[in-house]
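Undergrad: The following block contains the structure, expressed as structure tokens.
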Amino acid sequence: MKNLFYVENLSVGYYDKVILKDITFSVSKDCLTAILCPNNCGKTTLIKTLSGILRKKGGRVSVNNCSLSKRSFKKYILNIGVIFEDLNNQFICDRVIDEIRFPLINLAYRKKDIDFRVKRISKILAIDHLLDKEVFSLSILDKIKLLIAVSVVHLPKFLLVDDIFKFLKVKEQQEIFRIFRILNDEFGISIVFTTSLISSVIDADHIVVLGQGRKVMEGNFDSIIKQDNELAKLGLEIPIMIDLSRKLQFYNLVDTIYYDVDEVVNRLWK
Numbered sequence: 004m005k006n007l008f009y010v011e012n013l014s015v016g017y018y019d020k021v022i023l024k025d026i027t028f029s030v031s032k033d034c035l036t037a038i039l040c041p042n043n044c045g046k047t048t049l050i051k052t053l054s055g056i057l058r059k060k061g062g063r064v065s066v067n068n069c070s071l072s073k074r075s076f077k078k079y080i081l082n083i084g085v086i087f088e089d090l091n092n093q094f095i096c097d098r099v100i101d102e103i104r105f106p107l108i109n110l111a112y113r114k115k116d117i118d119f120r121v122k123r124i125s126k127i128l129a130i131d132h133l134l135d136k137e138v139f140s141l142s143i144l145d146k147i148k149l150l151i152a153v154s155v156v157h158l159p160k161f162l163l164v165d166d167i168f169k170f171l172k173v174k175e176q177q178e179i180f181r182i183f184r185i186l187n188d189e190f191g192i193s194i195v196f197t198t199s200l201i202s203s204v205i206d207a208d209h210i211v212v213l214g215q216g217r218k219v220m221e222g223n224f225d226s227i228i229k230q231d232n233e234l235a236k237l238g239l240e241i242p243i244m245i246d247l248s249r250k251l252q253f254y255n256l257v258d259t260i261y262y263d264v265d266e267v268v269n270r271l272w273k
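Taking the numbering used here, the leading residue of the sequence shown gets 4, the next gets one more, and so forth.
Structure, rendered in structure tokens:
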């Protein structure tokens, strides 16, 4: 697959304090990439830097051959959508439909095109029945779906998502991953998301693990999870059910990773 998002030797800090040091990774087209690291280790700083809010101290960032720089910032920013950790502070309008329309109006889309895109994206995300609702009345899951709609309605190449899974139950997390896959398949949008939860990276295509501001490992879930001792040293504990599932897989008693003890019991009793 062709790499379209490059982060090379990225360093970020505040005053004399370095938060991220020499971070390098790339994201391929149609890929779901997880940035896994403990709390207070630079997740939000990374997303804010990749979105252009924070200035990098060193390194290079590019999307689709467009560098994150003052000269090409307008072009760069059109290639990405962003969802930040603080959900409620990202809404501008009172109604759901107006929230989705806002970025397209800001980009001077024609009314006909705006109506078409709002209808399409709201249907794909299963929030079309909420269009006339007040934003503040939505559940957390629906607010996240709305933020996804707002972030991708202009069809960027990449969606950057900062640590939203901590707000969701397991089934809700799975629903968001289903939506991410639809964005991959329908629009060719690649996803980069941060999390401190190992349970949130099982379905990722590629995982980058950060610790103390540096990249310490990367790979797929199977290769990362084998380094459980290193993960534990970083403060990233493997959930009990995931660890149990791995052991049961070794003995060919289950063929997948389970999140819930009842699912494991039901599988073993079949």
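Idealized CB from N, CA, C, for every residue including glycine.
Using only CA atoms, which one of 183, 135, 257, 161 lies nearest to residue 128?
TA: Nearest of 183, 135, 257, 161 to residue 128, Cα basis: 183.
Undergrad: Return the bridge partner residues of residue 11 from the DSSP annotation.
TA: In the DSSP output, where bridge partners are listed per residue, residue 11 has 63.
Undergrad: Whole angstroms is fine: what's the gap from residue 191's alpha carbon to residue 100's?
TA: Those two C-alpha atoms are separated by around 24 Å.
Undergrad: If I measure Cβ to Cβ from residue 66 and keep anything under 7 Å in the same chain, skipping five residues before and after, which residues do I get?
TA: Closer than 7 Å at Cβ, skipping near neighbours: 7, 8, 79, 82, 83, 160, 161.
Undergrad: Closest to residue 28 by CA distance: which of 39, 19, 20 is it?
TA: The option with the nearest alpha carbon to residue 28 is 39.
Undergrad: Could you check how far apart the C-beta atoms of residue 251 and residue 41 are, in whole angstroms? I think they sit under 8 Å.
TA: Incorrect: roughly 27 Å between the Cβ atoms, too far for contact.
Undergrad: Among all the DSSP beta bridges, which residues are the ones paired with residue 40?
TA: DSSP lists no partner for residue 40.
Undergrad: Give me whichever residues DSSP pairs with residue 28 in a beta bridge.
TA: BP columns for residue 28 point to 10.
Undergrad: Have a look at residue 135 and residue 96 and give me their C-alpha separation to the nearest angstrom.
TA: For residue 135 and residue 96, the distance between alpha carbons rounds to 12 Å.
Undergrad: Can you name the start and end residues of the alpha helix (DSSP H) that residue 102 belongs to?
TA: Where residue 102 is concerned, the enclosing alpha helix (DSSP H) stretches over 99 to 109.
Undergrad: Just how far apart, CA to CA, sit residue 204 and residue 12?
TA: Distance between the alpha carbons of residue 204 and residue 12: 24 Å.
Undergrad: With 16 other CB atoms within 10 Å as the buried threshold, where does residue 235 fall?
TA: Exposed, because fewer than 16 other Cβ atoms sit within 10 Å of the Cβ of residue 235.
Undergrad: Which of the three DSSP states is assigned to residue 121 in this structure?
TA: It is helical.
Undergrad: Can you tell me whether DSSP reads residue 87 as helix, strand or coil?
TA: In the structure shown, residue 87 sits in coil (DSSP, three-state: anything other than H, G, I, E or B).
Undergrad: Residues in its own chain within less than 7 Å of residue 15 by CB, not counting five upstream and five downstream?
TA: Within the same chain, residue 15 has close Cβ partners 22, 23, 48, 52, 57, 59, 60.
Undergrad: Hey, quick one: how far does the beta strand (DSSP E) through residue 113 stretch, first residue to last?
TA: That residue, residue 113, is in no beta strand (DSSP E); it is neither H nor E in DSSP.
Undergrad: Round the Cβ separation of residue 25 and residue 217 to the nearest angstrom and send it over; I've been treating them as touching at under 8 Å.
TA: Indeed they touch by this definition, with Cβ atoms about 7 Å apart.
Undergrad: What does DSSP give as the partner residues of residue 259 in its beta bridges?
TA: Residue 259 pairs with nothing; no bridge assigned.
Undergrad: Could you tell me which residues DSSP pairs with residue 194 in its beta bridges?
TA: Beta-bridge pairing links residue 194 to 35, 162.
Undergrad: What runs of the alpha helix (DSSP H), each 4 residues or longer, lie entirely inside the stretch 179 to 240?
TA: You should have 224 to 228, 231 to 236.
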